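Using the working numbering, the letters of the sequence shown map in sequence onto residues 13 to 301. Even for Gly, the Cβ is constructed at its ideal location relative to N, Cα and C. Note that this is a predicted model, so its numbers are computed, not measured.
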Amino acid sequence: MARTARGSSAKRATSLLILSSKAGSMTPQIEAKLRNAFAGSLIVEFDPRMDVEKLVSPRATVIVAGGDGTIGWVVRKLAETNHPIGILSLGTFNNFAKSLHLPTKVDAGIRVIQTGRPHPITLGRVNGKIFLEAAAIGLFGETIAAGESAKDRAFGVFAEDVKHIAEARPFTYELDGDIKGSGTAMSLVFTNTTSIGSQMPVSDKTPVDPYLELSVHAGATRTDIVKRVLARAVLSKHKEGGLGQVFRFGKLEVTTKPNVRIYADNANAGRTPATITAELSAVRVILDR
């Protein structure tokens with residue numbers, strides 16, 4: 013019988029299943045199937061206040077069944093641990109899971125976790141904040157955040173994001189580190205996955221690759237960027253190419269004039285200057301053999 017955690021007295025488990033009932037594809041039938049498949053695990057409902065490390069042994073397998081936000085939260089929390097993570101992607105876009113070629117069908121996802129092997133992955137870090145999909149400087153990041161707010165119907169946040177879009181201006185930038193250069197742009201985008209945001213394709217990059225990629229040409233104008241990002245997030249238009257020419261790197265230092273907002277995935281991460289690095293995570297994701 014599956015165990016469900018109750019309070020702080022829960023015994024440390026060697027396997028933990030985190031369920032998000034709010035995930036876009038979660039149903040009572042799917043939840044029942046997951047509880048049955050991982051009946052020997054400690055099972056908890058996702059709560060952003062939880063302390064995962066207090067629930068599990070140091071090398072326990074952690075399985076997360078949820079959307080992009082839940083999966084991202086778990087990976088970030090465990091990034092510097094030795095836990096194998098099994099991912100069952102039940103969200104709207106599933107960029108991280110799809111970039112790792114993880115199945116989106118529940119039965120196939122269960123099979124991978126039960127028979128696959130843990131693999132190291134690359135995570136991005138910008139000014140100390142971890143990102144799974146992408147970091148963005150400038151308008152592209154503002155627009156991705158607005159698209160997420162619109163998708164989640166967080167209209168108060170969406171209004172603030174739209175204000176940031178209206179205020180965005182071109183900026184000058186200088187790059188140092190693995191790539192050296194300078195120029196003027198509306199956005200700089202640093203990617204770790206094949207698609208970002210509302211499944212916008214960017215390149216062939218996957219988190220298994222030991223580098224990140226930079227695109228300076230994510231959109232030449234405000235209209236171009238807003239049209240590309242919001243059309244996909246709000247209008248569900250999916251005919252889209254990548255971000256054009258990209259450059260691989262392991263570490264970059266970015267300065268801009270003026271200082272510009274930075275986003276780690278869709279979360280505000282302050283303003284430039286920025287240090288962006290590709291880091292091999294201690295945590296490992298269970299992938300198909």
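Sub-8 Å separation of residue i and residue j beta-carbons
i: S27; j: A72; result: yes
i: V87; j: L144; result: yes
i: V214; j: F152; result: no
i: E291; j: D188; result: no
i: L54; j: L67; result: yes
i: P130; j: G121; result: no
i: A148; j: Y275; result: yes
i: R260; j: N271; result: no
i: N107; j: S37; result: no
Through-space distance from residue j to residue i, alpha-carbon basis
i: D59; j: T268; result: 37 Å
i: D300; j: V118; result: 14 Å
i: I288; j: N139; result: 7 Å
i: R296; j: A197; result: 36 Å
i: E43; j: D216; result: 32 Å
i: F105; j: S69; result: 31 Å
i: Q257; j: F50; result: 43 Å
i: I191; j: S227; result: 12 Å
i: A35; j: G103; result: 5 Å
i: T39; j: T205; result: 27 Å
i: P7; j: P285; result: The structure shown does not extend to residue 7, since the chain spans only 13 to 301, so no value can be given for it.
i: N280; j: E225; result: 20 Å
i: G79; j: V56; result: 15 Å
i: N48; j: P132; result: 28 Å
i: L303; j: Q41; result: No information on residue 303 is available, as it lies outside the stretch 13 to 301 that the chain covers here.
i: I142; j: N94; result: 17 Å
i: R123; j: M212; result: 28 Å
Own chain partners of residue i with C-beta closer than 6 Å, once the 5 adjacent residues on each side are dropped
i: G98; result: I75, I125, I298
i: P222; result: T134
i: T184; result: T196, K269
i: G193; result: L187
i: R273; result: R283
Burial state of residue i, where buried means 16 or more other Cβ atoms lie within 10 Å
i: L112; result: buried
i: N278; result: buried
i: S293; result: buried
i: E92; result: exposed
i: S210; result: buried
i: G84; result: buried
i: G150; result: buried
i: R61; result: exposed
i: G136; result: buried
Assumed close pair residue i, residue j - CB separation to whole angstroms, cut-off 8 Å
i: L90; j: V64; result: 7 Å
i: A146; j: T203; result: 5 Å
Cut-off 7 Å between Cβ atoms - residues of its own chain near residue i, not counting five sequence neighbours on either side
i: G128; result: I298, L299, D300, R301
i: P96; result: T73, P130, R296, I298
Same chain, Cβ closer than 8 Å to residue i, five either side skipped, listed in chain order
i: P182; result: T196, A197, M198
i: A25; result: R15, S53, L54, L67, V68, S69, A72
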